[in-house]
Ligand code: DC
């Protein structure tokens with residue numbers, strides 16, 4: 079068993095907030111794998127590579143230096159804001175569907191967990207593919223309306239233009255692509271705790287995950 083808390087789910091389901099809350103209590107680190115796929119996508123766009131070109135995208139991902147330790151740096155440049163922008167958001171589901179891209183990033187995610195002695199990892203396929211032996215697997219969901227509302231709030235906070243209909247369409251499109259791709263589609267692991275965060279308060283979800291982690295690992299922290 080890996081000392082990993084795997085947090086999967088669609089965009090706007092509350093993964094990042096829950097992941098940070100759990101990591102704070104356990105004193106562990108968080109890995110945002112969505113930021114890795116977004117950084118690889120930004121590298122693809124920067125190099126003028128076609129997001130549909132599977133081989134070329136995998137080559138770019140392999141060569142990209144993605145550093146998530148302090149903000150998000152791509153090849154030494156801070157891209158924390160740019161990877162959340164519309165160009166990356168529009169292309170990320172296409173780039174992340176390529177098996178070659180996933181192989182590169184999954185290997186790095188496993189290296190990260192080994193280097194950190196485990197941790198809290200959020201994404202789409204963490205409990206199903208990256209760490210099927212995670213101590214705790216959680217799959218977060220929320221109603222479409224609530225997820226769109228949260229995404230819109232993120233956009234406002236980032237001072238980007240928002241149109242709630244566009245945010246909704248974009249979520250629908252990405253969910254459809256992420257859930258129907260051949261390699262590692264977005265889905266709950268059979269042994270995941272599936273939680274709807276539309277109504278449930280985040281602190282309750284965090285507390286339940288911490289309890290499950292302690293029960294699974296015997297950890298006292
Ligand atoms: O979590 P996010 O919205 O920042 O993720 C951006 C995209 O990255 C998402 O639409 C699909 C992809 N992704 C993935 O394929 N696998 C992961 N483990 C994490 C994200």
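Residue numbers (the numbering used here): 79 to 299.
Glycine included, C-beta positions come from ideal geometry on N, C-alpha and C.
The Cβ atoms of residue 184 and residue 116 do not sit closer than 9 Å to each other. DSSP assignment within the stretch 181-230 yields the following whole beta strand (DSSP E) runs of 3 residues or more, N-terminal first: 197-201 and 212-219.
Residue environment for residue 215: buried (at least 16 other C-beta atoms within 10 angstroms of its C-beta). Bridge partners of residue 80 according to DSSP: 212.
Secondary structure at residue 155: strand, using DSSP grouped into helix, strand and coil. A direct Cα-Cα distance of roughly 25 Å separates residue 210 from residue 280. Beta bridge pairing from DSSP links residue 274 with 219. With a cut-off of 8 Å on Cβ pairs, the stretch 271-291 is not in contact with the stretch 256-263, counting fewer than three such pairs. In this structure, residue 273 sits near residue 219, with a CB-CB distance shorter than 9 Å. In the three-state scheme derived from DSSP, where H, G and I count as helix and E and B as strand, residue 250 is classed as helix. In this structure the stretch 182-198 does not touch the stretch 243-255; the number of beta carbon pairs closer than 8 Å is below three.
Two segments are said to touch when three or more pairs of C-beta atoms, one from each, lie closer than 8 Å; by this definition the stretch 228-243 does not touch the stretch 102-121. The straight-line gap separating the alpha-carbon atoms of residue 86 and residue 119 is approximately 20 Å.
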